[in-house]
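Please read the structure below before turning to the comments.
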Amino acid sequence: MRPRPPVKGRGIFSGTGVIIVGLTATLAALIFPVWSYADRSGTTANVLSDQTVATQYGPLSALDKDFVTRVRLAGLWELPAGQQAEEKGTTAAVRTAGQHLIDGHTFLDERVRDVAARLGLPLPNQPNAQQQQWLATLNAAQGVDFDRKFANILRLAHGKVFTVVAQVRATTQNSLVRALADDANTTVLDHIKVLEATGYVDFAALARDMAASSTPAPTTSPAASAPFADPGQVVPLNPSVSPTYSLPPPASSPPPSTQP
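In the UniProt record's numbering, the protein residues as written are 1 to 260.
Written out as structure tokens, the structure is:
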């Protein structure tokens, strides 16, 4: 049988088609990411940009705002917890830890109210639901049971906030928030040490609780779980502070309060 002569141009057109298909696929791959992400509001970069606002002290992120709120909330429940420890603690170490909480959060509360007023941020005037539950637990406890619960509940809470302070200090672009993080770091570390000095901290249970509750730091401010007041109208904390106790060295002295 005579072999069929090759069709002219088939090899050329076949090769050209492969090239065209390849170029088309490459072009589509280049265009697709642009189409996928252009004008989309759900991307991380856009979300972070939308949640960061400009201030005269530098950009203020969602994490910065959340941190300022947390500092205020910490004082709203840890200060009365410290007062309970002074009154109900069965050992000198527990009563000393309570005094540190009172003095440290009195100092931080003045600082955070000043920072919030300058940045135009609202602040809560009562503890959140979890913090109220912790206070109720301490209210019901007596004797050594109180000492143990006081040391472990407060140590767990301080361990959680300590990691947030570190992240804020490492990432914030706002000078007021940076200075507040310095002061919070000094105070929180002091509280961790005096709580551990009570001898009641269960470190094994603490490690389990920290691991179980470990979650990424929020990129948005949490929904308000307590009533808020406009800056400048925040109710200050007015505890009875012993004049003989020396505060942990702050990163900066609190400026004169502008609050009424």
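Built from N, CA and C at the ideal position, the CB exists for glycine as well.
For L176, which option in A85, A117, W134, G98 has the closest C-alpha, if you only look at C-alpha atoms?
Taking the first residue of the sequence shown as position 1, residue 176 is located at position 176. Considering only alpha carbons, the answer is A117.
Got a sec? Which residues, its chain only, sit under 7 Å from K149 by beta carbon, not counting five neighbours each side?
Looking up residue 149 in the sequence shown gives position 149. Cβ neighbours of K149 beyond the five flanking positions: T137, L138, A141.
Please classify A212 as buried or exposed, where buried requires at least 16 neighbouring CB atoms within 10 angstroms.
Here residue 212 corresponds to residue number 212 of the sequence shown, with the count starting at 1. Classification for A212: exposed.
Do the segment 84-97 and the segment 163-182 meet, that is, are 3 or more Cβ pairs less than 8 Å apart?
no
Do the segment 184-200 and the segment 152-159 meet, that is, are 3 or more Cβ pairs less than 8 Å apart?
yes
Skipping 5 residues on each side, what residues in its chain have a beta carbon closer than 6 Å to that of A93?
Sequence index remark: in the sequence shown, residue 93 carries index 93 (1-based). Excluding positions up to five away in sequence, the list reads A197, T198.
Euclidean distance between Cα positions of Q126 and A54
One-based indexing of the sequence shown puts residue 126 at position 126. One-based indexing of the sequence shown puts residue 54 at position 54. Approximately 28 Å between the Cα atoms of the pair.
If you measure between the beta carbons of H100 and E78, is that distance less than 8 Å?
Residue 100 sits at position 100 when you count from the first residue of the sequence shown. Residue 78 sits at position 78 when you count from the first residue of the sequence shown. Cβ atoms of H100 and E78: not closer than 8 Å.
Can you check the UniProt domain "DUF4142" (64-195) for any alpha helix (DSSP H) of at least 4 residues that lies completely inside it and give the ranges in chain order?
92-119, 129-140, 143-171
Quick one: residues in its chain with C-beta nearer than 8 Å to the C-beta of T90, no 5 flanking neighbours on either side, listed in chain order?
Along the sequence shown, one-based indexing puts residue 90 at 90. Same-chain partners within the cutoff: G143, V144, F146, D147.
Please name the residue, chosen from Q173, D103, V201, that lies closest to V188 on a Cα-to-Cα basis.
Your numbering for residue 188 matches position 188 in the sequence shown. It is D103.
To which residues of the same chain is A97 closer than 8 Å at the C-beta, ignoring the five residues directly before and after it?
If you number the sequence shown from 1, residue 97 lands on position 97. G82, A85, G89, F150, A151, L154, H191, V194, L195, A197, T198.
From T52, L76, P80, residue whose alpha carbon lies closest to that of V112
Translated into the one-based positions of the sequence shown, residue 112 becomes position 112. Looking at the Cα atoms, L76 is the closest of the given residues.
Whether V168 touches L63 by CB criterion (8 Å)
Position 168 of the sequence shown, counted from the start, is the residue given in the question as residue 168. Position 63 of the sequence shown, counted from the start, is the residue given in the question as residue 63. Result yes, Cβ atoms of V168 and L63 sit closer than 8 Å.
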